[in-house]
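The number in our numbering is simply the position in the first sequence, starting from 1, with 514 added.
Idealized CB from N, CA, C, for every residue including glycine.
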Amino acid sequence: MENQLIKKAMEEIKRGCEFAHELLEIVHKWNCDKWSTTPPFAEDLVRKILRSFTDTLMVLNTTKYEAEEEISDMKVTPKSEDSEESCKNLTIKNRRGTYKRKRTIQAWEKDTPTPADDGYAWRKYGQKMILNAKYLRNYYRCTHKYEQGCQAIKQVQRIQEKPPLYRTTYYGHHTCKNLLNPAEMILEPSSPNLGPNSILISFSDTVQCRKDQPFFTSVKREAKEEILDHHHMALDQTFSSNYPQCPEVIFGSPNRVMIESFDLDHEFDPFGF
DNA sequence: ATTATTTGACCCTC
DNA sequence: GAGGGTCAAATAAT
Numbered sequence: 515m516e517n518q519l520i521k522k523a524m525e526e527i528k529r530g531c532e533f534a535h536e537l538l539e540i541v542h543k544w545n546c547d548k549w550s551t552t553p554p555f556a557e558d559l560v561r562k563i564l565r566s567f568t569d570t571l572m573v574l575n576t577t578k579y580e581a582e583e584e585i586s587d588m589k590v591t592p593k594s595e596d597s598e599e600s601c602k603n604l605t606i607k608n609r610r611g612t613y614k615r616k617r618t619i620q621a622w623e624k625d626t627p628t629p630a631d632d633g634y635a636w637r638k639y640g641q642k643m644i645l646n647a648k649y650l651r652n653y654y655r656c657t658h659k660y661e662q663g664c665q666a667i668k669q670v671q672r673i674q675e676k677p678p679l680y681r682t683t684y685y686g687h688h689t690c691k692n693l694l695n696p697a698e699m700i701l702e703p704s705s706p707n708l709g710p711n712s713i714l715i716s717f718s719d720t721v722q723c724r725k726d727q728p729f730f731t732s733v734k735r736e737a738k739e740e741i742l743d744h745h746h747m748a749l750d751q752t753f754s755s756n757y758p759q760c761p762e763v764i765f766g767s768p769n770r771v772m773i774e775s776f777d778l779d780h781e782f783d784p785f786g787f
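Okay, here's the thing in structure tokens:
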């Protein structure tokens with residue numbers, strides 16, 4: 515029921531998003547005109563509006579996903595009518611070591627010769643010797659977990675001595691705004707909200723990513739490789755000729771871009787439109 | 001003084 | 001009960 519409302523709201527915002535895109539194009543053309551009387555900040559303002567739309571879409575999509583998850587949880591473990599039992603459930607939920615997230619949020623791995631510096635601020639909160647592993651596994655959470663409620667965590671584990679190789683596993687994506695390295699582009703771990711063929715890229719507020727810039731071309735290429743890797747496919751000539759147009763940006767803000775890959779999955783519909 | 005890391009204990013899932 | 005993820009007090013670094 516609530517989901518229907520969220521879906522409706524998302525549809526409306528998407529329409530607004532389309533109008534804002536049209537407006538942006540018009541304002542951009544005006545700005546290019548040397549006799550333009552358009553205030554220079556108008557284009558920036560439209561971009562800000564677009565960003566608000568996309569951010570709202572992300573929030574709504576997350577809410578929708580969580581609502582769906584709650585419903586499926588209720589189906590698996592029906593809540594007891596007994597009030598004492600419900601109380602017990604609450605305390606268990608607040609106790610440490612609740613692993614629900616781990617099972618529901620998709621993981622995203624990356625192997626690097628050094629422990630990955632991905633531009634985000636991480637706080638180490640534990641380490642553990644893992645069975646059959648040569649090296650310790652290190653646990654990190656986002657530094658802004660408590661101030662901004664950012665739920666991103668990662669695990670880093672050395673998997674090879676020579677040459678040194680570290681495997682970083684990300685869980686959840688960053689909702690915080692603080693990047694350590696403003697020039698860095700982050701290919702965020704795939705979120706269940708985005709689907710397996712999509713990738714969310716975050717930049718700092720000082721970086722703008724525009725379709726007509728070479729930087730954007732490399733962003734697209736890297737995103738494409740990540741997605742292909744996810745599907746264990748090679749980035750070969752055949753593939754490129756079959757899918758010359760993709761991946762494609764389906765919506766974005768200057769510093770938060772979502773790229774949807776080629777039609778590998780016909781059912782794929784990241785926002786349920 | 002404040003912030004980050006270490007580390008043993010705690011707790012959950014299987 | 002084993003294995004793995006998280007907490008939080010103690011400790012180290014800034």
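Contacting residues, own chain, Cβ-Cβ under 8 Å from residue i (five flanking each side not counted)
i: TYR639; result: TYR653, TYR654, ARG655
i: ALA534; result: VAL560, ILE563, LEU564, PHE567
i: HIS542; result: GLU557
i: TYR649; result: GLN671, ARG672, ILE673
i: ARG637; result: TYR654, ARG655, CYS656, THR657, LYS659
Residue i classed as buried or exposed, judged by whether at least 16 other C-beta atoms fall within 10 angstroms
i: GLY663; result: exposed
i: CYS546; result: exposed
i: GLN674; result: exposed
i: THR628; result: exposed
i: LYS642; result: exposed
i: LEU634; result: The sequence shown places Tyr at residue 634, not Leu. Buried: at least 16 other Cβ atoms inside 10 Å.
i: SER600; result: Because the pLDDT of SER600 is 34, which lies under 50, any placement of that residue in the model is unreliable, and the question is left without a value.
i: ASP631; result: exposed
i: ILE667; result: buried
DSSP-derived helix/strand/coil call for residue i
i: GLY633; result: coil
i: ILE673; result: strand
i: ILE520; result: helix
i: TYR639; result: strand
i: HIS745; result: Residue placement at HIS745 cannot be trusted, given a pLDDT of 43 that sits under 50; the coordinates are not used to answer.
i: LYS562; result: helix
i: ILE644; result: coil
i: ILE527; result: helix
i: ILE540; result: helix
Residues near residue i by beta carbon distance below 6 Å, same chain, minus five either side
i: ASP625; result: LEU679, ARG681
i: ILE644; result: ARG651
i: LEU537; result: VAL560
Where the beta strand (DSSP E) containing residue i begins and where it ends
i: LYS659; result: Note, LYS659: premise wrong, no beta strand (DSSP E); alpha helix (DSSP H) at 659-662.
i: ASN652; result: 650-656
i: THR682; result: 679-685
i: ASP626; result: A quick correction: the sequence has Thr, not Asp, at residue 626. Per DSSP, THR626 belongs to the beta strand (DSSP E) from 621-626.
Residues near residue i by beta carbon distance below 7 Å, same chain, minus five either side
i: PRO677; result: PRO627
i: CYS690; result: CYS656, HIS658, GLN662, CYS664
Distance cut-off 7 Å: residue i Cβ against heavy atoms of the ligand GTP
i: TYR660; result: No copy of the ligand GTP appears in this structure; indeed no ligand is present at all.
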